[in-house]
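Residue numbers (numbering that gives the first Met the number 0), protein chains in the order written: chain A, 0 to 126; chain B, 0 to 126.
Number of protein chains: 2
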Amino acid sequence: MESVFEIIAEPNRRAILSLLVSSQQSVGEIERQLRMPQPTVSKHLRVLRDAGFVESTVDAQRRLYRLNPEPLQQVDDWLAPFRRFWSAHLDALERHLDRMEQVTQTKKKARRRRRGANRERDKGEKK
Amino acid sequence: MESVFEIIAEPNRRAILSLLVSSQQSVGEIERQLRMPQPTVSKHLRVLRDAGFVESTVDAQRRLYRLNPEPLQQVDDWLAPFRRFWSAHLDALERHLDRMEQVTQTKKKARRRRRGANRERDKGEKK
DNA sequence: ATTGAATATGCCTTGACACGTATATGCTCT
DNA sequence: AGAGCATATACGTGTCAAGGCATATTCAAT
Chain A
0 MESVFEIIAE
10 PNRRAILSLL
20 VSSQQSVGEI
30 ERQLRMPQPT
40 VSKHLRVLRD
50 AGFVESTVDA
60 QRRLYRLNPE
70 PLQQVDDWLA
80 PFRRFWSAHL
90 DALERHLDRM
100 EQVTQTKKKA
110 RRRRRGANRE
120 RDKGEKK
Chain B
0 MESVFEIIAE
10 PNRRAILSLL
20 VSSQQSVGEI
30 ERQLRMPQPT
40 VSKHLRVLRD
50 AGFVESTVDA
60 QRRLYRLNPE
70 PLQQVDDWLA
80 PFRRFWSAHL
90 DALERHLDRM
100 EQVTQTKKKA
110 RRRRRGANRE
120 RDKGEKK
């Protein structure tokens, strides 16, 4: 199974992870919400657990699975250089549009506002 | 082939993408730098191109491939909720450590500095 | 101790995909 | 036109992982 990227390549596993963002869940709850057969859920959880994406605690017959963010941070780290790349490209696009505007003289303020919003977004967070 | 996640699950494709961050490259250059057979490179480039990760321009017999950041932004977007999750967890860990310290009375300032650095890092960019 | 619920595991089949090797296409130069 | 380089594609093969189904395990309650 190797890398974190192969783990999150599987759609059902991504669904499980997304589900666990809000709160921890039992296998049965996952099964019901994602409408997938129980063995499928268990197998994917096994993979996720072995790869460190989730952890589990025992609650009687149930097992509660919760997220462990570290492996996902690896993905985030890999993405870092590309983030620099695409903000550079955004800036280049902006400059290009600005040049166009110096010719056409149209609404510049609206785009300025958008650019500000994008910069915020690039910093992460923000709902 | 479907999703962007399956595309970047392949190590050679990730290598190609990383290589293209610095600048555009011909097939032959990729082949040499990554030491993989030419058909392999061409096939992976085909996949990356179909999925929109790269674009190509023709230069006589060569083809120059360059990065297109949009699909990677999808990955970044998917990661967003988890980023919130793990910074919440970092904070919780910090609070926990702080409570421990109130008992053990040890170096608190060093950790405060680290927390600040993490917050910067979460905003993206930097370095 | 037995039954039933919740979860895990084993086996089998199927399909996708990566690779190697060979070959095709396209361009340049003489 | 022909030779040679750069890149793309076709085909056959092996591997591996996901799904379905059956079954095993574990715990609770009676």
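From the three backbone atoms N, C-alpha and C, an ideal C-beta is built for every residue, glycine too. The structure displayed is predicted, hence computed values, not measured ones.
| Item | Value |
| --- | --- |
| Residue-level contact to chain A via CB, aspartate 75 of chain B, 8 Å cutoff | yes |
| Separation of glutamine 24 of chain B from arginine 98 of chain B, as counted between CA atoms | 53 Å |
| Straight-line Cα distance separating arginine 34 of chain A from isoleucine 29 of chain B | 44 Å |
| Residue range of the alpha helix (DSSP H) that includes arginine 48 of chain A | 37 to 49 |
| Span separating the alpha-carbon of threonine 56 of chain B from that of proline 36 of chain A | 47 Å |
| Straight-line Cα distance separating leucine 92 of chain A from lysine 107 of chain A | Note that lysine 107 of chain A has pLDDT 45, beneath the 50 cutoff, so the model's placement of it is unreliable and the number below is only indicative. Near 14 Å, if we compare the C-alpha coordinates of leucine 92 of chain A and lysine 107 of chain A. |
| Whether proline 68 of chain A touches histidine 88 of chain B by CB criterion (8 Å) | yes |
| Between the CA atoms of proline 80 of chain A and phenylalanine 4 of chain A - distance to the nearest angstrom | 17 Å |
| Closer than 8 Å to chain A by CB, serine 2 of chain B | yes |
| Contacts that leucine 78 of chain B makes with chain A (C-beta to C-beta distance below 7 Å) | Leu71, Val74, Asp75 |
| Burial state of alanine 59 of chain A, where buried means 16 or more other Cβ atoms lie within 10 Å | exposed |
| Test item: CB-CB of valine 46 of chain A and isoleucine 6 of chain A under 8 Å | yes |
| Serine 25 of chain A - DSSP class collapsed to helix/strand/coil | strand |
| Identity of the residues DSSP links to aspartate 58 of chain B by a beta bridge | B/Arg61 |
| Nearest to leucine 18 of chain B (by Cα), restricted to the options A/Val40, A/Trp77, A/Ser86, A/Asp90 | A/Trp77 |
| Anticipated Cβ contact below 8 Å, arginine 84 of chain A with leucine 66 of chain B, distance rounded | In the sequence on display, residue 84 of chain A carries phenylalanine and not arginine. Phenylalanine 84 of chain A to leucine 66 of chain B, Cβ: 6 Å. Contact. |
| Secondary structure of threonine 105 of chain A, DSSP reduced to three states | Per-residue confidence for threonine 105 of chain A stands at a pLDDT of 46, beneath the threshold of 50, marking its modelled position as unreliable; no derived number is given. |
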